[in-house]
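Numbered according to UniProt numbering, the sequence shown spans residues 1 to 514. Structure first, commentary second.
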Amino acid sequence: MIYIDAAFIYLKIKKTLRHSAVLAVLFFLSITAAYCHETASYHYDFNQRCDEAYESIMSMKMEEGRRQLQLELQQNPTNLIPVFLANYADFLTLIFNGSPEDYARMKPLMEDRLNKLDMGDKSSPWYNYCKAELNFQGAFIHLRFNEFVSGGFQFRKSFLQLKTNHNKFPQFKYNNILLGLEEAIVGSAPDNYKWITNLLGMRGSIRGGVAKIVSYLNHSQDNDTHLKTEAILYYCYLKFYLLEDRKETWNYINDSHLDTKNNLLFAYMKSNLALDDNKASLAEQVIEARNQSSAYLNVPLFNSQLGIALLDKMDDNAVVYLKRFIKEYKGSIYLKNIYQKLSYYYLAKGDINNARLYKQQILQAGSQEVDADKYAQRYAKSPGLPNVFILRAKLYCDGGYYTRALDELGKQKPEELKSLAEKLEYYYRYGHICNLIGKKDAAISCYKETIQLGKESQEQFAARAALELGQLYEDSGQKASAIENYQLCLSFKNHDFQSSIDQKAKSGINRLGR
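Here it is, written out as structure tokens:
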């Protein structure tokens, strides 16, 4: 990472903000001028300039994308595609960098775009599709800012608009992209909530939803780039997390030769999946190779990802990037998690004072909206510090450095562990590593020991052991045993990471047809 003089940074930021303000005014005037064409016929022309704007925005070159959309509106003021695509820029900015202040500023703009789309040609398949996409983005943003009721209603509106569009225009292939995603989301709901989705008119399955996206990808031509980037993103995330087909996901990513250097969404996806699949070295390579030009949106999450990748191999540069994330990030989620990572780093390095300092700072940082932050908060309130050998084993394992992880566990005798939490984590970590290196019998034994010891514990490890035991049995074709362990996983309540662990168990049951 290149370090630049602070005065230079200040001048660049000042210039960028002034330039952004001018662009925003011009873009607003362009849309306002379009509103004045009341007698004109609003239409949808997804032309080459709009394609280029879409690619710029989806690569995270927001200003370039907005410039292209502004030019299109000036020359074609009744084209609604620029209105549709302008929302993507605000949506992605809020998802990656959004603070409450950003949301307050962008929310009315997003609502105005939906109102503008009401003026479109109802006989076009783009009419309902554009509105459905903006409603989906709005739902996602509502949920991002804890507006759950509004988010739920807007998601339902999007889903029903897509179904209407599919019935009215069955040959409109782009419908399969977003409808596939939403059907997979609905299909991942647990059985005891299915009646709610059915009552609201929403039905779907994970496999059926993924199949729709695959249908679009299989039939799209190389020169047909409309919405293709998001189709690829949706497919990879659904395949990786809900279908648990990680090998096939990586095959697709590698065979597709995605431009992870110049498309920062692809770079983020690949590094994100790598970190979740014990491939810290790959994540590090992708993040460091990305285009870091000022033409791109600054995404502090890359700093947190790189910091975590380096932490997983005990690299001292980890703290540089973790602290940079804290300094630059404008949102509230994941802050507690990153302070916990800093506490882990110092503990793993033997700096007890700083480990305790950053542990204490978790209490005042960020929010508790996601499981990782809730876990960090409970860590901050717990007495003492974790067992250093188990902690190092966890970090090395998370990064894919399995030999080092086993070496660390070998330094600790399980019978000498004093607390139940430490014993649970020891047996879980040992089983998890054995599973990852192909020692299935040893993994099963450790998982069962974890489950037996942790039945009544608030710790996450018994639930995780049951989940991974279910996945192990599923992979070996033992369907009944897999379902039994997924259901066992769901029976554990009030533990850390319950939302994400339960979601994976429910997806497993859905995959097996129950």
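Just so you know, even glycine gets a beta-carbon here, dropped at the ideal spot from N, CA and C.
- Apart from the 5 residues on each side of it in sequence, T249 sits with its Cβ closer than 8 Å to the Cβ of C236, K239, F240 and L273 in its chain, given in chain order.
- Taking the Cα positions, D398 is about 26 Å away from R144.
- Every alpha helix (DSSP H) of 4 residues or more that sits fully in the UniProt repeat "TPR" (463-496) is shown, in chain order, as 479-491.
- Three or more Cβ pairs drawn from the region 329-344 and the region 367-375 lie within less than 8 Å of each other, which places the two stretches in contact.
- By DSSP's assignment, H226 forms no beta bridge with any residue.
- The beta-carbon separation of L472 and K448, rounded to 11 Å, does not stay under the 8 Å limit for a contact.
- If you draw a straight line from the Cα of F140 to the Cα of F172, it is about 24 Å long.
- Where V319 is concerned, the enclosing alpha helix (DSSP H) starts and stops at A318 to E328.
- By a beta-carbon distance limit of 8 Å, V320 does not contact Y345. Their separation comes to about 11 Å.
- DSSP places D118 in no alpha helix (DSSP H); its state is neither H nor E.
- With distances taken between CA atoms, L488 lies nearest to L467 out of L467, N494 and H432.
- Taking all protein chains shown into account, E474 has 16 or more neighbouring C-beta atoms within 10 Å of its C-beta and is therefore buried.
- A Cβ-Cβ contact shorter than 9 Å links L424 with E459.
- Going by beta carbons, N485 and L469 fall inside the 9 Å limit.
- Using a Cβ distance threshold of 9 Å, N47 and E72 count as a contacting pair.
- Annotated as distal: Q161 and G138, with beta-carbon spacing of 9 Å or more.
- Beta-bridge partners of H257 (DSSP): none assigned.
- Between the alpha carbons of I232 and L134 lies a distance of about 19 Å.
- Measuring C-alpha to C-alpha distances from Y252 to each of M269, K261, L264 and N262 identifies M269 as the nearest.
- Of the candidates G65, D259 and C446, the residue whose Cα lies closest to the Cα of R464 is C446.
- For H43, there is no enclosing alpha helix (DSSP H), as DSSP marks it with neither H nor E.
- Contact check between the region 293-306 and the region 346-359: fewer than three CB pairs, one atom from each, fall below 8 Å, which does not count as touching.
- In the displayed model, N251 falls within a helix according to three-state DSSP.
- Out of Y216, S59, N176 and D277, the CA that lies nearest to the CA of Y401 is found in D277.
- The Cβ atoms of N97 and Y42 do not sit closer than 9 Å to each other.
- Around F84, the same chain offers C130 as residues with beta carbons nearer than 6 Å, after the five sequence neighbours per side are excluded.
- Around the Cβ of P386, a 10 Å sphere holds 16 or more other Cβ atoms; the residue is buried.
- According to DSSP, N79 shares a beta bridge with H43.
- Counting along the chain, A380 sits inside the alpha helix (DSSP H) bounded by residues D371 to K381.
- Comparing C-alpha distances from D90 to each of D118, M58 and N510 shows the shortest one belongs to M58.
- Residue environment: V149 is assigned as exposed (fewer than 16 neighbouring CB atoms within 10 Å of its CB, all protein chains considered).
- As the crow flies, the alpha-carbon of A309 is around 15 Å from that of A393.
- The alpha-carbon separation between P108 and T403 amounts to approximately 53 Å.
- DSSP, reduced to helix, strand and coil, places N298 outside both helices and strands of the structure shown, so it counts as coil.
- Counted as a single uninterrupted DSSP element, the stretch harbouring M60 is not any alpha helix (DSSP H), since DSSP gives it neither H nor E.
- Residues of the same chain with a CB within less than 7 Å of the CB of A372, apart from the 5 flanking positions on each side, are Y334 and N337 in chain order.
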